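Written out below as structure tokens is the structure these notes cover.
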Amino acid sequence: MTTLQPATRVEPAEPIEPIASRLRDDRFVALADGLQRRTGIRGRAGRLVARARVAAARTALAPRVASPLADLPHVVVTVPGTDGGRRLAAKYSGRDRGVPRDLAVSVLPLPEEPEAYLRGKSKQALRTNSRRAREQGVTCRALDPAESARRLEQVVPDPWYRAVVPGAQADLAAGLCTGWVAEDADGTTEVLALTSAAGPLARLDLMLSAPGREGDARYLLSAHVVTELAAAGTRLLAVEGALLLSPGLRHFQHLLGFGQATLDVRVA
13 MTTLQPATRV
23 EPAEPIEPIA
33 SRLRDDRFVA
43 LADGLQRRTG
53 IRGRAGRLVA
63 RARVAAARTA
73 LAPRVASPLA
83 DLPHVVVTVP
93 GTDGGRRLAA
103 KYSGRDRGVP
113 RDLAVSVLPL
123 PEEPEAYLRG
133 KSKQALRTNS
143 RRAREQGVTC
153 RALDPAESAR
163 RLEQVVPDPW
173 YRAVVPGAQA
183 DLAAGLCTGW
193 VAEDADGTTE
203 VLALTSAAGP
213 LARLDLMLSA
223 PGREGDARYL
233 LSAHVVTELA
243 AAGTRLLAVE
253 GALLLSPGLR
263 HFQHLLGFGQ
273 ATLDVRVA
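For this note's numbering, add 12 to where a residue sits in the sequence shown, where the first one is 1.
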């Protein structure tokens, strides 16, 4: 199978333990901010990051690199050898601006009972903001590929258009990702999301508010997507490396419950 539609069941997978968030860890944030100022890891810093992933070398590392990275959990997830599975594995290979794509990935283990995701004190802000969006008339649903492609053109800003839209539309047409929308009572896009999935792993490829629509709808759509994916059998939702996130996105991911790990995606 090449895509995980919301109602599609997959074979049961072993639950993945909760993963701690580093997004409020002063050392992690300082390292992330420093890397972004330098547009990635270069030279000696790059070698230190590589060594930070080897337990035996921890004591020899510069503290500013070793402390936030050396004890990251190592999460292994196996995806089927389909087009979708190979695409997901490729997303976490190589480097992005000098940073290994599998390093400090933001990941969210999904519960077997979808409704369990919203429970607990840590999800209070998510529940409150989702309720506000519903009170404003916002609803969420999955989209077919054609509607996803049309709405994508409406929300992606011009500077990002060439880098985002053609590739995403090709993935949609090929059945490699699924579109989701939060829309107001008139059907106008508030937030658009794209996810891709194979076996127990899903990836949030994009979540973007429509121009002038920054608000609570992104919380409602996030909760909707997570619970739908959990109901379909997904056990881990991944985004991308947290070391290159803006402060605003770090805060948002923290509220959603994402933790950070070295993500080892293997193709069966």
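Every residue, glycine too, gets a C-beta built ideally from N, C-alpha and C.
Quick caveat: nothing in here was measured; it's all calculated off a predicted structure.
beta-carbon residue i near the ligand COA non-hydrogen atom, thresh 7 Å
i: residue 119; result: Among the ligands in the structure shown, none appear at all, so the ligand COA cannot be discussed.
Residue i classed as buried or exposed, judged by whether at least 16 other C-beta atoms fall within 10 angstroms
i: residue 97; result: buried
i: residue 133; result: exposed
i: residue 175; result: exposed
i: residue 7; result: Nothing can be reported for residue 7, as the shown portion of the chain is limited to 13 through 280.
i: residue 169; result: exposed
i: residue 236; result: buried
i: residue 29; result: exposed
i: residue 265; result: buried
i: residue 212; result: buried
i: residue 272; result: buried
i: residue 99; result: buried
i: residue 4; result: The shown model of the chain, from 13 to 280, leaves out residue 4, and the question about it has no answer.
i: residue 88; result: exposed
i: residue 202; result: buried
i: residue 147; result: exposed
i: residue 258; result: exposed
i: residue 234; result: buried
i: residue 128; result: exposed
i: residue 20; result: In this prediction, residue 20 scores a pLDDT of 35, lower than 50, which makes its location untrustworthy; the coordinate-derived value is nonetheless stated afterwards. Counting Cβ neighbours within 10 Å, residue 20 comes out exposed, since fewer than 16 surround it.
i: residue 145; result: buried
i: residue 280; result: exposed
i: residue 80; result: buried
i: residue 158; result: exposed
i: residue 104; result: buried
i: residue 38; result: exposed
i: residue 42; result: exposed
i: residue 34; result: buried
i: residue 83; result: exposed
Member of the options whose CA lies at the smallest distance from the CA of residue i
i: residue 120; options: 278, 274, 147; result: 274
i: residue 195; options: 216, 189, 167; result: 167
i: residue 204; options: 230, 212, 214, 183; result: 230
i: residue 138; options: 262, 38, 267; result: 267
i: residue 162; options: 212, 34, 191; result: 191
i: residue 245; options: 122, 89, 48; result: 122
i: residue 270; options: 278, 280, 252, 279; result: 252
i: residue 2; options: 225, 241, 224; result: Shown here, the chain extends from 13 to 280; a query on residue 2 therefore has no answer.
i: residue 223; options: 164, 80, 37, 42; result: 164
i: residue 232; options: 135, 178, 183; result: 135
i: residue 209; options: 228, 226, 261, 277; result: 277
i: residue 225; options: 107, 31, 193; result: 193
i: residue 102; options: 143, 200, 217, 32; result: 217
i: residue 199; options: 239, 37, 155, 178; result: 155
i: residue 142; options: 82, 86, 227; result: 227
i: residue 177; options: 83, 219, 262; result: 219
i: residue 124; options: 262, 260, 248; result: 248
i: residue 186; options: 44, 261, 95; result: 95
i: residue 47; options: 86, 111, 32, 90; result: 111
Beta-ladder partner(s) of residue i, from DSSP
i: residue 208; result: 215
i: residue 174; result: DSSP, once it has assigned bridges, lists no residue as partnering residue 174.
i: residue 160; result: Residue 160 pairs with nothing; no bridge assigned.
i: residue 152; result: 194
i: residue 121; result: 248
i: residue 203; result: 194, 221
i: residue 112; result: 107
i: residue 272; result: 118
i: residue 90; result: 278
i: residue 253; result: 117
Evaluate the contact criterion for the region 113 to 129 versus the region 141 to 161: three or more CB pairs, one atom per stretch, below 8 Å.
Short answer: they don't touch.
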